[in-house]
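This report concerns only the one structure given below.
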Amino acid sequence: MSVHEQDWWRNAVVYQVYIRSFADGNGDGTGDLAGLRSRLDHLARLGVDAIWINPWYPSPLADGGYDVADYRAINPMFGDTAQAEALIAEAHARDIRVLLDIVPNHHSDEHVWFRQALAAGPGSPERERYLFRDGRGENGELPPNNWESMFGGPAWERVVAPDGTPEQWYLHLFDIRQPDVNWEHPEVRADFEETLRFWFDRGVDGFRVDVANSMVKEPGLPDIVEGVNDAQDGGHPYLDRDGVHDIFRSWRRIGDAYDPPRVFVAEAWVPDPQRLARYLRPDELQTAFSFNFLTAAWLAEDLRDNIDDAIAENTRVGAPATWVLSNHDVCRHPSRLARKPEAGRGWNLDDVIALPADPELGLCRARAATLLMLALPGTAYLYQGEELGLPEVEDIPTDRLDDPTWELSGHTLRGRDGCRVPLPWAAGEPGFGFGPSGTPWLPQPEVFARHAADVQEADPESVLHLYRDALAIRRAHPALGGGALTWQESPEGTLALARTSDSGDGGFTCLVNVSSAPVSLPEDAEVMLSSGPLTARGEVPADTAVWLRH
Ligand code: NOJ
Numbered sequence: 001m002s003v004h005e006q007d008w009w010r011n012a013v014v015y016q017v018y019i020r021s022f023a024d025g026n027g028d029g030t031g032d033l034a035g036l037r038s039r040l041d042h043l044a045r046l047g048v049d050a051i052w053i054n055p056w057y058p059s060p061l062a063d064g065g066y067d068v069a070d071y072r073a074i075n076p077m078f079g080d081t082a083q084a085e086a087l088i089a090e091a092h093a094r095d096i097r098v099l100l101d102i103v104p105n106h107h108s109d110e111h112v113w114f115r116q117a118l119a120a121g122p123g124s125p126e127r128e129r130y131l132f133r134d135g136r137g138e139n140g141e142l143p144p145n146n147w148e149s150m151f152g153g154p155a156w157e158r159v160v161a162p163d164g165t166p167e168q169w170y171l172h173l174f175d176i177r178q179p180d181v182n183w184e185h186p187e188v189r190a191d192f193e194e195t196l197r198f199w200f201d202r203g204v205d206g207f208r209v210d211v212a213n214s215m216v217k218e219p220g221l222p223d224i225v226e227g228v229n230d231a232q233d234g235g236h237p238y239l240d241r242d243g244v245h246d247i248f249r250s251w252r253r254i255g256d257a258y259d260p261p262r263v264f265v266a267e268a269w270v271p272d273p274q275r276l277a278r279y280l281r282p283d284e285l286q287t288a289f290s291f292n293f294l295t296a297a298w299l300a301e302d303l304r305d306n307i308d309d310a311i312a313e314n315t316r317v318g319a320p321a322t323w324v325l326s327n328h329d330v331c332r333h334p335s336r337l338a339r340k341p342e343a344g345r346g347w348n349l350d351d352v353i354a355l356p357a358d359p360e361l362g363l364c365r366a367r368a369a370t371l372l373m374l375a376l377p378g379t380a381y382l383y384q385g386e387e388l389g390l391p392e393v394e395d396i397p398t399d400r401l402d403d404p405t406w407e408l409s410g411h412t413l414r415g416r417d418g419c420r421v422p423l424p425w426a427a428g429e430p431g432f433g434f435g436p437s438g439t440p441w442l443p444q445p446e447v448f449a450r451h452a453a454d455v456q457e458a459d460p461e462s463v464l465h466l467y468r469d470a471l472a473i474r475r476a477h478p479a480l481g482g483g484a485l486t487w488q489e490s491p492e493g494t495l496a497l498a499r500t501s502d503s504g505d506g507g508f509t510c511l512v513n514v515s516s517a518p519v520s521l522p523e524d525a526e527v528m529l530s531s532g533p534l535t536a537r538g539e540v541p542a543d544t545a546v547w548l549r550h
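Note that the UniProt record's numbering numbers the sequence shown so that position 192 is 192, with each residue one more than the last.
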């Protein structure tokens, strides 16, 4: 698939780079552009079509970089614009496209506009770019409404004037240091459009759109009332409001003006697949993560229903589905699946941490889940380290936790650091080869030695080899393009899906045994790839997936 192909995003494998934790080039303990550039060959050998890089912009990192202070520059911690341009060229030379992350719901409190807004005071035009409001109560001492921050606590912070007088409040749906911007303001719209063009002009192939479903707020910012306006059905005061679609139509026009057209993937946790598909209408965004697949229980019916719903709704608007099992916000899938099947539905570590876990079983299921995902039509996203079979790190000492969730939840939720631990590249080196020296910014557990890239490389049965083999087959097999999926009859508790290419070539089936007993292979089937060893009698054991040619 060359970088010039227009529709590459319909059937791509995209690798997510959490840059802080991918590879450290300068030895300061934090991942950076030099580290990423030095490891591009790992990604090329893995066989991915694109990378998505989490925010790399100047930021105080109050929320891991999702608090952007300047959208058109690089955080000096990670490198500079020249290095970013070199990375884009080096990735393209390997036929790997580059997607960035745009954060349109909020800025960092260090963004120049926010500083100006604070300085300019109540009623100023500078404040209109954000959502400043007077407080309720006699002296404005209560937040303007009852909205809560996604990380815990109220979604409002009261400003204190330089002389110590408390004054207005500003909205922050996320951290206190992430003021929401006002999308009704033409300057806000124009500024984000300029950012898109800035990076597109530098060869960037597209953007992942952060919290794409919450940028537009209901005028008047009403309270949320349980059972009245708390559902994502169009009536919620800030989730999935119809107004967001106009924004994406204008972004699509910008992306389409480039050759090849630039693409978007929406991060929109919209549970109803029909509403999610509205983001994917032909003049809006090309793709959006189908998170319902990520949160499906490890049960045949749950998996199949969520796959079917996503494909059916997206097909109606001509869009592919976008599958993902892990990312920088969720508990890594081997650790979710290490619990009882229903635990898969809990997406973060705090949802599952108290449940008994069997890490070997989790990894076995994770390997099978990956083969299932990679057999589906549409695009698949891989999160760095999953190709090494990394588990979630569940016991980071609390004084090392960095996710704002820990503070804002009053030290009750650990948050998302467990999936953000720096990658192990070489088992025998300090910091498992994360960088030339220095201590990785989050502590790595001993178990990472087993998962280090050099150990995985040397073991043909490793997760790394499984991913490489799967991606190679996916690229070469004619039925694994954009064509249809058909479910086959299969024993209770199993899934069997056949794929057929657009030109009618078939011959591919993926069988996933989600039951607790081994199942026989269909007659005349030849195993191309298996997520784990078959039984002595040639059956597919529980929690195993196979790719079959027939
Ligand atoms: C979703 C991002 O993936 C997450 O990491 C971040 O905290 C929030 N959006 C806020 O930007």
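Where a beta carbon is used, it is the ideal one built from N, C-alpha and C, also for glycine.
query: For residue 97: DSSP bridge partner residues; result: 50
query: Residue 211: CB within 8 Å of a non-hydrogen atom of the ligand NOJ; result: yes
query: Endpoints, the alpha helix (DSSP H) within which residue 513 is located; result: No alpha helix (DSSP H) contains residue 513, which is instead part of the beta strand (DSSP E) from 508-513.
query: Where residue 102 sits in the DSSP three-state scheme; result: strand
query: Local conformation of residue 154 per DSSP, three classes; result: strand
query: Backbone secondary structure at residue 330 - three-state DSSP; result: coil
query: Identified DSSP bridge partners for residue 16; result: 52 and 383
query: Distance, residue 65 Cα to residue 215 Cα; result: 18 Å
query: Pairwise C-alpha distance: residue 276 and residue 590; result: Since the first residue shown for the chain is 1 and the last is 550, residue 590 is missing from the structure and cannot be characterised.
query: Beta-carbon gap between residue 455 and residue 440 smaller than 9 Å; result: no
query: Check whether residue 243 and residue 183 have beta carbons under 9 Å apart; result: yes
query: Coarse secondary structure for residue 324, derived from DSSP in three states; result: strand
query: Residue burial classification, residue 411 (beta-carbon count within 10 angstroms, cutoff 16); result: exposed
query: Residue 10 versus 408, 364 and 377, residue with shortest Cα-Cα distance; result: 377
query: Spatially closest choice to residue 207 from 181, 229, 285 and 89, by CA coordinates; result: 285
query: Short Cβ contact (9 Å threshold) for residue 379 with residue 14; result: yes
query: Residues that residue 209 bridges to, as DSSP identifies them; result: 102 and 266
query: Segment contact, 8 Å Cβ cut-off, at least three pairs: the segment 383-393 with the segment 13-33; result: yes
query: Contact set for residue 345: own chain, Cβ-Cβ below 6 Å, skip 5 residues either direction; result: 295 and 297
query: Reduced DSSP secondary structure (H/G/I, E/B, other) of residue 373; result: helix
query: Where residue 39 falls: helix, strand or coil (DSSP); result: coil
query: Runs of alpha helix (DSSP H) wholly within the segment 397-468 (minimum 4 residues, chain order); result: 404-408, 448-451 and 453-458
query: Delimiting residues of the alpha helix (DSSP H) encompassing residue 116; result: 112-120
query: Heavy atom of the ligand SAH within 8 Å of residue 20 beta-carbon; result: Absent from the structure shown: the ligand SAH. Ligands present: the ligand NOJ.
query: The ligand NOJ heavy atom lying under 8 Å from the CB of residue 274; result: no
query: Identity of the residue in 91, 419 and 549 nearest residue 477 by Cα; result: 549
query: Option nearest residue 56 by Cα separation, candidates 37, 39 and 33; result: 33
query: Residue range of the unbroken alpha helix (DSSP H) whose run includes residue 193; result: 186-201
query: Inter-stretch contact at 8 Å, needing at least 3 Cβ pairs: the segment 68-87 / the segment 98-107; result: yes
query: Range covered by the alpha helix (DSSP H) that runs through residue 301; result: 300-316
query: Three-way DSSP call (helix, strand, coil) for residue 174 in this model; result: coil
query: Residue 328 CB to nearest heavy atom of the ligand NOJ below 8 Å; result: yes
query: Buried versus exposed, by CB contacts within 10 Å (16 or more), residue 151; result: buried
query: Meets three-Cβ-pair contact criterion under 8 Å: the segment 350-361 and the segment 463-482; result: no
query: Which listed residue (233, 79, 123 and 190) has its alpha carbon closest to that of residue 168; result: 123
query: heavy atom of the ligand NOJ below 8 Å from residue 57 C-beta; result: no
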